[in-house]
Amino acid sequence: MFTIITGSQFGDEGKGKIVDLLSTNYQIVVRFQGGDNAGHTIIAEGKKFKLHIIPSGILSQSRLLVGPGTVMNPEIIVSEIDNLAKSNIKITPEKLGIDAKTSIIMPYHIQLDELNEIARQNKIGTTKRGIGFAYIDKVARDEIQLADIIDKHRFKQRLEKLLPQKKEAIASFGGDSDKIDGDWVNRYIQLGQTLKSYITDVSYEIHNALEDGKNVLAEGAQGTYLDVIHGTQKYVTSSSTIAGSACANLGIGPTRVTNVIGIVKAYITRVGEGPLPTELGGKIGDQIRKNGGEYGTTTGRPRRCGWLDIPMLRKAINLNGYTQLVLTKLDILTKLSPVKICTGYKLNGKTLKYPPLQTHELANVSPEYTELEGWNQDITNIKHYSELPGAARDYIQYIENVAKIPITSISLGAGREQTITKDKI
Ligand code: IMP
Ligand code: MG
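Residue 118 in this note's numbering sits at position 91 of the sequence shown, with consecutive numbering throughout.
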């Protein structure tokens with residue numbers, strides 16, 4: 028079985044917890060795009076783990092893979108491995124494999140990301156992790172791959188050509204190009220030696236696993252609307268985040284896909300700039316942010332919060348081809364009565380049931396809402412769907428009716444045990 032799981036909104040839908048739970052049924056969990064701009068929080072046995080590049084699933088028996096379509100900061104992955112070791116979670120080469128072709132995020136990518144963001148009049152609000160510039164180098168065929176940093180001579184030879192260009196680019200932004208002369212090159216060579224034993228051919232491993240009848244879970248980072256092609260450009264990340272991207276980035280044909288799971292948060296959040304039609308200013312927005320802990324895992328920035336947006340969900344279902352949904356953080360809506368759902372938009376006197384094509388149009392829509400009765404009862408310890416308050420079930424049913432695909436699980440809190448099943452996944 029080959030399952031793809033992606034966020035249906037702007038990331039931070041709670042994928043980490045769901046992947047962690049699902050991973051007990053999957054022999055392999057693999058990341059297919061993005062880098063340490065992502066942040067997953069997993070809470071297990073009372074401990075909180077914040078991961079940026081290692082796939083969720085550290086606590087299960089599954090093997091974890093980082094695919095060649097990702098961009099990886101070697102310093103970050105090595106520090107994640109070291110930090111997990113402190114909690115007695117050993118990330119050995121038997122547990123983790125990284126594709127030899129994975130792009131390496133270089134210090135100059137991070138410097139350029141920062142400088143570019145400062146220079147922009149209309150900010151994107153990037154995570155300043157060098158993601159965009161690492162992907163630029165991939166497309167420009169100037170990338171450094173993991174295989175390059177483990178070969179000291181090849182690495183130095185590549186840098187001889189690249190560093191003068193990078194210095195020029197940094198200087199043209201008014202940045203300090205002397206930083207490039209620092210001693211990070213030897214550190215990268217060292218990190219390459221640490222990571223050498225993790226190298227694998229991700230596509231081949233997945234194919235072999237599928238041939239052997241094993242289950243593989245491809246985990247997306249960020250969310251549908253941060254997709255570089257189909258998202259809210261230019262306020263997007265630099266990779267394709269939708270389900271089809273898993274096939275291209277992992278080298279797995281679409282014929283191998285069994286199912287595609289979409290994660291939907293019971294409300295919507297966005298971190299960074301760009302349109303968010305249902306954004307809530309004021310008290311309700313603050314309450315959702317506070318109760319939902321809606322602060323960026325990677326940057327600590329407060330997330331913008333809004334009501335669930337059905338037109339965006341409709342498009343996300345189309346873009347990803349979801350076969351089922353998982354609804355997360357329903358508990359955060361407790362005591363917010365009435366609960367609103369955006370059912371459509373008004374734009375230039377017209378009613379839309381689907382997001383308009385262009386980002387600037389999405390920024391100008393006025394959302395139309397339906398109001399549903401809320402619930403006041405604490406739902407965080409509920410174990411069966413039938414025990415949920417009627418109003419909470421109505422909320423779930425409403426989403427299912429418009430989505431026309433089943434909501435198979437509902438998450439009612441951060442803990443693994445705070446998850447109820449509606450239909451079997
Ligand atoms: P970048 O990916 O750092 O280039 O940032 C581009 C945009 O994507 C910014 O608005 C970021 O806040 C947003 N972004 C990147 N990664 C994540 C994520 O994992 N969750 C939510 N937003 C993200
Ligand atoms: Mg996140």
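Idealized CB from N, CA, C, for every residue including glycine.
Taking 8 Å as the cut-off, the beta carbon of Ile-137 is found closer than this to the beta carbon of Gly-157. Rounded to whole angstroms, Lys-410 and Glu-40 show a C-alpha spacing of 21 Å.
The Cβ atoms of Thr-30 and Asn-286 lie closer than 8 Å to each other.
Its chain contains Glu-398, Leu-399, Glu-400 and Gly-401 as the residues whose beta carbon lies nearer than 8 Å to that of Pro-365, once the 5 sequence neighbours on both sides are disregarded; these appear in chain order. The alpha helix (DSSP H) runs lying completely inside the stretch 375-402 and spanning 4 residues or more are 386-389, given in chain order. Around the CB of Val-392, 16 or more other CB atoms lie within 10 Å, so the residue is classed as buried. One alpha carbon belongs to Val-166, the other to Ser-266, and they sit about 11 Å apart. One thing to note: Ile-423 has its Cβ within 8 Å of the Cβ of Ile-437. Of the heavy atoms belonging to ligand 1, none sits nearer than 7 Å to the Cβ of Glu-107. At a Cβ-Cβ threshold of 8 Å, Val-291 and Ser-35 count as neighbours. For Asp-421, the uninterrupted alpha helix (DSSP H) segment begins and ends at 417-430. Under the Cβ criterion (8 Å, minimum of three pairs), the stretch 269-278 counts as touching the stretch 239-258. Inclusion of Asp-39 in the 7 Å shell around ligand 2 follows from its C-beta lying nearer than that to a non-hydrogen atom of the ligand. Going by DSSP, Ser-199 is part of the alpha helix (DSSP H) stretching over 179-199.
DSSP places Gly-124 inside the beta strand (DSSP E), whose first and last residues are 123-126. Shown here, Gly-333 sits in a strand according to DSSP, grouped into three states.
Counting along the chain, no alpha helix (DSSP H) covers Leu-439, and no H or E run does either. In the displayed model, Gln-54 falls within coil according to three-state DSSP, outside both helix and strand. Along the length of the stretch 224-301, whole beta strand (DSSP E) runs at least 3 residues long occupy 243-246, 286-292 and 295-297, reported in chain order. Considering only Gly-94, Ile-32 and Asp-208, the residue with the shortest C-alpha distance to Ala-127 is Gly-94. The residues Ile-69, in chain order, have a CB closer than 6 Å to that of Phe-76 in the same chain once the five nearest residues on each side in sequence are set aside.
Per DSSP, the continuous beta strand (DSSP E) segment holding Ile-32 begins and ends at 29-34. Between the alpha carbons of Lys-241 and Ile-233 lies a distance of about 9 Å.
Val-98 is the residue among Thr-325, Asn-345, Val-98 and Thr-282 whose C-alpha sits nearest the C-alpha of Ser-130. Cα atoms of Glu-195 and Ile-279: separation of roughly 39 Å, rounded to the nearest angstrom.
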